[in-house]
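Take a look at the structure set out below.
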Amino acid sequence: MIEIGIDSFAMAIAAPSSGLVVNPAELLQNLLGEIELADRVGLDVFGVGEHHRPDFADSAATVILGTAAARTKRIRLTSAVTVLSAADPVRVVRGASRTLDLLSGGRAEIVAAAAR
25 MIEIGIDSFA
35 MAIAAPSSGL
45 VVNPAELLQN
55 LLGEIELADR
65 VGLDVFGVGE
75 HHRPDFADSA
85 ATVILGTAAA
95 RTKRIRLTSA
105 VTVLSAADPV
115 RVVRGASRTL
125 DLLSGGRAEI
135 VAAAAR
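Numbering (my numbering), first residue to last: 25 to 140.
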């Protein structure tokens, strides 16, 4: 079975070489619109990465995915990556992922990695 999806990393600089900065609040609203559209057109999964740098707007991917869960019906929602060195693994599993899974009606997935 082939599944088709999108991963996003919510970069707040439109073109790094140009230095054009996108309004982070507008960027997140646009990202949520993209997730809703992906759900409507039948994509299987949408992933949002986690970054802790000022040029990205997705330091709390589970918050974005929780908001998306309330706005979508069938698409699976996943963290493109959750950096365990920046989070308490127990909170990721028991809090964020379990709560997100409940909000999404079982459509949530967490992808985790340990940065060194």
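All C-beta atoms, glycine included, are put in the ideal place defined by N, C-alpha and C.
Small disclaimer: the values here were computed from a predicted structure and weren't measured.
- Taken through DSSP and simplified to helix, strand or coil, residue 34 comes out as coil.
- Within the same chain, and ignoring the five residues on either side of residue 86 in sequence, the residues whose Cβ sits closer than 7 angstroms to its Cβ are 103, 120, 124.
- As DSSP reads the structure, residue 101 sits in a beta bridge with 70, 132.
- By the Cβ-count criterion, residue 131 is buried, with 16 or more other Cβ atoms from all chains shown falling within 10 Å of its own Cβ.
- Shown here for residue 71: same chain residues with a beta carbon closer than 6 angstroms to its own, the five before and five after excluded, namely 31, 102, 104 in chain order.
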